[in-house]
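I have placed the structure first, in the form of structure tokens, so that the comments after it can refer back to it.
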Amino acid sequence: MKGRRPRPLDDGDYWVRVSVKLGRSKLVKWDNLHMEIINNCTQEVIERAAKALKDGHLVAFPTETVYGLGADATNKKSVSKIYSTKGRPIDHPLIVHISSINQLDKWAVNIPEYALKLSTEFWPGPMTLILERSNLAEDFITGSQSNVGLRVPAEPLALALLSEFEKIGGSGIAAPSANRFGAVSPTTANAVKDELENFLNDEDLILDGGPCSIGVESTIIDCTKVLPRVLRSGAITNEMIVTVCSLDQSKNIKGSKIRAPGVLESHYSPKAKVVLDSMAKSGEGFIAMSDIPTPRGAIRLASPTTIQEYARDLYAALRLCDNKNLDKVIILLPQGEGLAVAIRDRVTKAAAGK
Ligand code: TXA
Ligand code: MG
317 MKGRRPRPLD
327 DGDYWVRVSV
337 KLGRSKLVKW
347 DNLHMEIINN
357 CTQEVIERAA
367 KALKDGHLVA
377 FPTETVYGLG
387 ADATNKKSVS
397 KIYSTKGRPI
407 DHPLIVHISS
417 INQLDKWAVN
427 IPEYALKLST
437 EFWPGPMTLI
447 LERSNLAEDF
457 ITGSQSNVGL
467 RVPAEPLALA
477 LLSEFEKIGG
487 SGIAAPSANR
497 FGAVSPTTAN
507 AVKDELENFL
517 NDEDLILDGG
527 PCSIGVESTI
537 IDCTKVLPRV
547 LRSGAITNEM
557 IVTVCSLDQS
567 KNIKGSKIRA
577 PGVLESHYSP
587 KAKVVLDSMA
597 KSGEGFIAMS
607 DIPTPRGAIR
617 LASPTTIQEY
627 ARDLYAALRL
637 CDNKNLDKVI
647 ILLPQGEGLA
657 VAIRDRVTKA
667 AAGK
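In this text, residue positions in the sequence shown follow my numbering: the first is 317, and each later residue adds one.
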């Protein structure tokens, strides 16, 4: 719905009259015109959202990592809406979300033994496996590659939506992070709205499941070779993976035909300039572990006490930085292995983007 923002009514909210079916009309809050955020996600809401997906609309939903922008993964027209809504190049493949490991065979073939072990161990969870695609995974999902990315998320609302969607005949939900291309992934429903409200339609929905518990995107593992290889780090860490199977940890990725995710310059970037491991000056944003004091005059955006908290709060802190119209944010990188690897990866890419 486009047009000028109308004048407010007495209550200070902005309302406009929109036509609904059979010549009737109703008053709708201007803020809700482009799409609807639904806070109380009852079974009825989940059924409505699954039907909206089946009818070709987009549904943004929470996962334990970040919010996804979902579409029916077998519907070319719906999937193309994801690309236009995000402003994303068409050759970037999408992750297909499924409700359980039992759906794996629908989308993938020649699944290596180690991939089955990984999925048994870490699904539902923050892990995406890249596998040889079945015929169901068409070029418009895979960016014309011969493999497909699959994930069973752990967030209960996401799982409920996936199960309901499959119950009414759906096969999987394609969902990239629900942000404009190159921007910071959203970890709350309001952040999705801020990112996409001007690009979604009236029939599209945003399901609000509260803040994401992990806060950085899933670990992506290439399972098309003899040994698995991590393409994007996340909460399923190398240390966890090697408890299940051997892992190719060689630095050289030459010869890999797979497009590694998030390699573009401007990934995960706020509008502010991101600078790493430097001294923050007065008026600049500052993100660091809580034991590091805020330099005089700097604006503290996050003070995580653990690595898990750092991951969970990072994207919200970058958004806060933009909401405060700061030009620059200084980020002190967390040390160590585990989830710290994923944080350093995202933040380093955010810094390279400007
Ligand atoms: O945590 C996540 O993975 C979130 C939630 C919503 O599930 N999704 C997400 O999707 O981060 P997206 O599209 O923002 O990032 C996925 C990355 C992209 O860089 C994409 O190019 C890459 O994974 N990717 C997807 N399918 C792939 C494939 N078949 N081969 C190689 N890379 C793939
Ligand atoms: Mg993304």
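Every residue, glycine too, gets a C-beta built ideally from N, C-alpha and C.
First and last residue of the uninterrupted beta strand (DSSP E) at residue i
i: residue 387; result: 384 to 388
i: residue 538; result: 535 to 538
i: residue 463; result: 463 to 467
i: residue 516; result: Element bounds for residue 516: n/a, residue is neither H nor E.
i: residue 354; result: 352 to 354
i: residue 521; result: 521 to 523
i: residue 657; result: Note, residue 657: premise wrong, no beta strand (DSSP E); alpha helix (DSSP H) at 655 to 668.
i: residue 541; result: Run containing residue 541: none; DSSP gives neither H nor E here.
i: residue 505; result: Not the beta strand (DSSP E): residue 505 falls in the alpha helix (DSSP H), residues 505 to 512.
i: residue 602; result: 601 to 603
i: residue 647; result: 644 to 647
i: residue 377; result: 375 to 377
i: residue 589; result: 589 to 592
i: residue 618; result: 615 to 618
Any non-hydrogen atom of the ligand MG within 7 Å of residue i CB
i: residue 493; result: yes
i: residue 501; result: yes
i: residue 511; result: no
i: residue 533; result: yes
8 Å Cβ cutoff met for residue i and residue j
i: residue 487; j: residue 379; result: no
i: residue 484; j: residue 376; result: no
i: residue 493; j: residue 384; result: yes
i: residue 424; j: residue 454; result: no
i: residue 471; j: residue 501; result: no
i: residue 409; j: residue 372; result: no
i: residue 499; j: residue 585; result: yes
i: residue 395; j: residue 457; result: yes
i: residue 642; j: residue 615; result: yes
i: residue 646; j: residue 594; result: yes
i: residue 524; j: residue 505; result: yes
i: residue 530; j: residue 635; result: no
i: residue 444; j: residue 406; result: no
i: residue 503; j: residue 657; result: no
i: residue 543; j: residue 563; result: yes
i: residue 659; j: residue 617; result: no
i: residue 442; j: residue 550; result: yes
Closer than 7 Å: residue i CB and nearest the ligand TXA heavy atom
i: residue 544; result: no
i: residue 468; result: no
i: residue 463; result: yes
i: residue 488; result: no
i: residue 527; result: no
i: residue 475; result: no
i: residue 536; result: yes
i: residue 411; result: yes
i: residue 547; result: yes
i: residue 373; result: no
i: residue 384; result: yes
i: residue 442; result: yes
i: residue 446; result: yes
i: residue 379; result: yes
i: residue 458; result: yes
CB-CB length for residue i against residue j, believed under 8 Å
i: residue 540; j: residue 446; result: 6 Å
i: residue 420; j: residue 427; result: 7 Å
i: residue 665; j: residue 601; result: In fact, because the Cβ distance is near 18 Å, the residues do not count as touching under 8 Å.
i: residue 366; j: residue 481; result: 4 Å
i: residue 403; j: residue 497; result: 5 Å
i: residue 608; j: residue 649; result: About 11 Å separates the two Cβ atoms, so there is no contact after all.
i: residue 587; j: residue 638; result: 5 Å
i: residue 400; j: residue 468; result: The Cβ separation is near 27 Å, so there is no contact.
i: residue 561; j: residue 381; result: Going by Cβ atoms, the distance from residue 561 to residue 381 rounds to 22 Å, so no, they are not a contact pair.
i: residue 414; j: residue 478; result: 6 Å
Span of the alpha helix (DSSP H) around residue i
i: residue 623; result: 623 to 639
i: residue 471; result: First-last for residue 471: undefined, no H or E at that position.
i: residue 287; result: In this structure the chain extends from 317 to 670, so residue 287 is not present and cannot be described.
i: residue 364; result: 359 to 370
i: residue 456; result: 455 to 458
C-beta neighbour in chain B for residue i, strict 8 Å
i: residue 379; result: Of the chains in the structure shown, none is chain B; there is only one protein chain.
Any non-hydrogen atom of the ligand MN within 7 Å of residue i CB
i: residue 410; result: For the ligand MN, the structure offers nothing, since it holds only the ligand TXA and the ligand MG.
Tell me the start and end of each unbroken alpha helix (DSSP H) in the region 400 to 453 that is at least 4 residues and wholly inside, in chain order. The region 400 to 453 contains these whole alpha helix (DSSP H) runs: 420 to 423, 429 to 438.
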